[in-house]
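The listed protein sequences correspond, in order, to chains A and B.
Residue numbering for the first sequence is 218 to 481, as defined by the numbering used here.
Residue numbering for the second sequence is 218 to 481, as defined by the numbering used here.
Ideal Cβ positions, reconstructed from N, Cα and C, are used throughout, including at glycine.
2 protein chains.
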Amino acid sequence: MPPTGGDDGPRTLQTVSMSAQVLATLKELDGAGVTELATELDLSKSTAHIHLTSLVENGLVVKRDGKYALALKLFAFGEYVRSRNQLYRHGKPQVDELANETGQYVHIVTEENGRAINLYQVKGDTSVSGEYQTSKPQQRDHLHYTASGKAILASLPERRVEEIIEGHGLPERTANTVTDPEALFEELSAIRQRGYAYNNEEEIEGFRAIAAPVQTPDGDVLGSLSVSGPASVLQGDRFEETLPKQVVNSANVIEVNINMSNRS
Amino acid sequence: MPPTGGDDGPRTLQTVSMSAQVLATLKELDGAGVTELATELDLSKSTAHIHLTSLVENGLVVKRDGKYALALKLFAFGEYVRSRNQLYRHGKPQVDELANETGQYVHIVTEENGRAINLYQVKGDTSVSGEYQTSKPQQRDHLHYTASGKAILASLPERRVEEIIEGHGLPERTANTVTDPEALFEELSAIRQRGYAYNNEEEIEGFRAIAAPVQTPDGDVLGSLSVSGPASVLQGDRFEETLPKQVVNSANVIEVNINMSNRS
DNA sequence: TTATATGTTCGCATATGTTGAACAATAGTC
DNA sequence: GACTATTGTTCAACATATGCGAACATATAA
């Protein structure tokens, strides 16, 4: 059949989509054998096999102790992609600096296809440790339950935000997660006025964060910068005055540096 | 025709290989338009177009200001892959420590399909700056002109080294690069006896390095750890005694930590 | 505006991918 | 260490998804 008659999207290569799914599944399963993959994707063993073989041949997958897994070549690709990113290039030094100043976790985050991408993070020396070393880190790619994500959403056209909500939903993480679209839109409006976003234990109990957007002169958002840490530390004046100022200030420095480099 | 009769490799999906080439080319060209890509890969515009569309649909490529470029999703993939790597997980803390101790660049490197992959690097505070910020960093993925690479090669079966030489050659980088297979094999033997590898301005004039392999108890090499810096600093006793000891020691610590985690 | 290049869509012929079954190689069990 | 069960790999044949060229649409330049 021609790509499922009733479908909407543009014509695409099914073989490529299948291989892309194979990659995604290998990530999901942390590597897999032919049969396992075939079952997972409802394929015949022979098809699963030839997809894996093709991906191996192209260096995107490796076969190790009888299992197929994503190749380090993907890491090389990824490093390249990040290195081309403006927010990363100009944001990294500021992240390092801000982490030193605050002693907490500092992140720069950007958005792609409605999902959050963590470009860089540093753990300041007074921050709690071990938080990110969990072996199976749960997905952190929704935008609505992090300060960084909300700072980004607040800088996007409402239309776009609606699409993102439709596409990815507003799943709950803690009792504090904003799961109602209306409530979210209200908060985004508050963030716009304030200039920065809060995360008050909306992703992880006991964890707070503050984030400011990084924008171009004509209002496009490149991502955001955030500081996060335990609620016991991020509180009082520090949470309401000092840190927000520092975060906004650092974000502004990044903006200026990006503009300068775009001019020359 | 069935995938080029005279060919050797296993049967593979041409469509997948083509899309893989598209990804590689987009990296090469730093993004491209449909026509540009079609020309580069000898495709019809329509074919180039549908490959790009399919990759976009699967999130591996993004279209920005009329150009197609690799997506940040690849970075997310890459981070995942690295995070699963044993040498990275246990090596990172040692890299940080060694960079502090020595003040120079410290790297951990591994090998995949005969090419070097830089898993992690830190720039110690007394090291020269700006060295890695060049906008188009030249390929650093051969193994024979870095200390890290030679440390790895020295830990691989000769057979494997021969294959790698056949597959990738021994291109020259500076007058000091080892470009002769026999000379290389001799040096690898010396490295095995010594326990660590030198790079004496073989990649970049004025730059030296020392690297030690990281191996499993049964002799498989996981990669290597290296310290590098200007020849003016890496010289005399420091180059011949102090640093080698530190590097080998750190590599051993990594080995021990990996073994411990593999036992439990 | 016209002209030129680039991007996108479409129908068709044929090369190509999918499949199930047969074969090979492991892994597990007794 | 032989036997069984599971997993991995190869193959030929058919159906169809793929790649092409031409036509159309859009963007850029003059």
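Exposed unless 16 or more other CB atoms sit within 10 angstroms - verdict on residue i
i	result
Asn317(A)	exposed
Ala400(A)	exposed
Thr363(B)	buried
Ser406(B)	exposed
Thr270(B)	buried
Ala185(A)	No answer is possible for residue 185(A): it lies beyond the span of chain A, which begins at 218 and ends at 481.
Gln432(B)	buried
Val251(B)	buried
Gln311(A)	buried
Lys290(B)	buried
Val473(A)	exposed
Ser449(A)	exposed
Pro461(A)	buried
Gly295(A)	buried
Distance, residue j Cα to residue i Cα
i	j	result
Asp437(A)	Leu373(A)	8 Å
Thr422(A)	Val233(B)	Residue identity differs from the one stated: residue 422(A) is Glu in this sequence, not Thr. Each residue's alpha carbon lies about 44 Å from the other.
Ile427(B)	Ala293(A)	23 Å
Gln350(B)	His307(A)	Unreliable placement is indicated for Gln350(B), whose pLDDT of 43 sits below 50; no coordinate value is reported for it.
Gly331(B)	Ile382(B)	8 Å
Val465(B)	Tyr337(B)	17 Å
Tyr285(A)	Lys284(B)	33 Å
Leu439(B)	Ala429(B)	11 Å
Lys182(B)	Ala333(B)	Nothing about residue 182(B) can be reported from this structure: the residues present for chain B run from 218 to 481 only.
Phe456(A)	Leu287(A)	41 Å
Met218(B)	Gln231(B)	Since pLDDT at Met218(B) reaches only 38, below the 50 mark, its modelled position is unreliable, and the value read off the structure follows with that caveat. Those two C-alpha atoms are separated by around 12 Å.
Glu420(A)	Gly386(B)	51 Å
Val389(B)	Glu418(B)	Before going on, a small fix: residue 389(B) reads as Glu here, not Val. Taking the straight line from one Cα to the other gives about 12 Å.
Gln238(A)	Leu272(B)	11 Å
Thr319(B)	His359(B)	26 Å
Arg357(B)	Leu246(B)	17 Å
Ile267(B)	Glu379(A)	28 Å
Gly276(A)	Leu258(B)	19 Å
Arg377(A)	His361(A)	13 Å
Val339(B)	Tyr413(B)	20 Å
Tyr384(B)	Pro398(A)	According to the sequence provided, residue 384(B) is Gly. The question's Tyr does not apply to it. Taking the straight line joining both Cα atoms gives about 56 Å.
Arg281(B)	Thr327(B)	33 Å
Asn302(B)	Asp342(A)	25 Å
Arg480(B)	Ser300(B)	19 Å
Gly453(B)	Tyr415(B)	13 Å
Presumed contact (8 Å Cβ cut-off) between residue i and residue j, rounded CB distance
i	j	result
Ile408(B)	Ala468(B)	Between Ala468(B) and Ile408(B) the Cβ distance is about 13 Å, and since that is not below 8 Å, they are no contact.
Ile369(B)	Ser441(B)	5 Å
Arg411(B)	Leu451(B)	Incorrect: roughly 16 Å between the Cβ atoms, too far for contact.
Gly446(B)	Tyr297(B)	Not confirmed; about 32 Å, so no contact.
Thr229(B)	Glu274(A)	5 Å
Ala255(B)	Lys244(B)	About 17 Å separates the two Cβ atoms, so there is no contact after all.
Interface partners of residue i on chain A, CB under 7 Å
i	result
Val465(B)	The premise fails here: Val465(B) is roughly 24 Å from chain A at the closest Cβ pair, so nothing lies under 7 Å.
Val279(B)	Glu329
Ala237(B)	Asn275, Leu277
Range of the contiguous beta strand (DSSP E) that encloses residue i
i	result
Glu329(A)	322–329
Phe402(A)	Not the beta strand (DSSP E): Phe402(A) falls in the alpha helix (DSSP H), residues 398–411.
Ile427(A)	424–432
Ser261(A)	That residue, Ser261(A), is in no beta strand (DSSP E); it is neither H nor E in DSSP.
Ala482(A)	Residue 482(A) lies beyond the stretch modelled for chain A, which goes from 218 to 481, so this question has no answer here.
Val279(A)	278–281
Pro310(A)	Here Pro310(A) belongs to no beta strand (DSSP E); instead the alpha helix (DSSP H) covers 303–319.
Asn416(A)	414–417
Gly446(B)	438–447
Neighbour list for residue i in chain B, Cβ cutoff strictly below 8 Å
i	result
Ile334(A)	Leu289, Lys290, Phe292, Ala293
Ala438(A)	Correcting the residue type first, residue 438(A) is Val in the shown sequence and not Ala. Residues of chain B passing the Cβ test: none, with the nearest at roughly 14 Å.
Val251(A)	The contacting residues do not exist; Val251(A) stays about 13 Å from chain B at best.
Asp247(A)	Arg301
Ile267(A)	Arg228, Thr229, Leu230
Contact list for residue i against chain A, beta-carbon separation under 8 Å
i	result
Pro227(B)	Thr270, Glu274
Ile475(B)	By Cβ distance, chain A contributes nothing, its closest Cβ being about 15 Å from Ile475(B), past 8 Å.
Ile325(B)	Going along chain A, no residue has its Cβ under 8 Å from Ile325(B), so there is no contact; the nearest lies around 12 Å.
Check: residue i C-beta below 8 Å from any heavy atom of the ligand PLP
i	result
Phe292(B)	Ligands in the displayed structure: none, and consequently the ligand PLP is not present.
Proximal residues of chain B, C-beta to C-beta of residue i below 9 Å
i	result
Ser234(A)	Ser271, Glu274, Asn275
Residue i: contacting residues in chain B (beta-carbon distance under 7 Å)
i	result
Lys244(A)	Phe294, Tyr297
Continuous alpha helix (DSSP H) stretch holding residue i: start and end
i	result
Tyr337(A)	Careful: Tyr337(A) lies outside any alpha helix (DSSP H), inside the beta strand (DSSP E) at 332–340.
Ala249(B)	Where Ala249(B) is concerned, there is no enclosing alpha helix (DSSP H), given that its DSSP letter is neither H nor E.
Pro461(A)	460–480
Ser365(A)	364–371
Phe456(B)	No alpha helix (DSSP H) holds Phe456(B); DSSP gives it neither H nor E.
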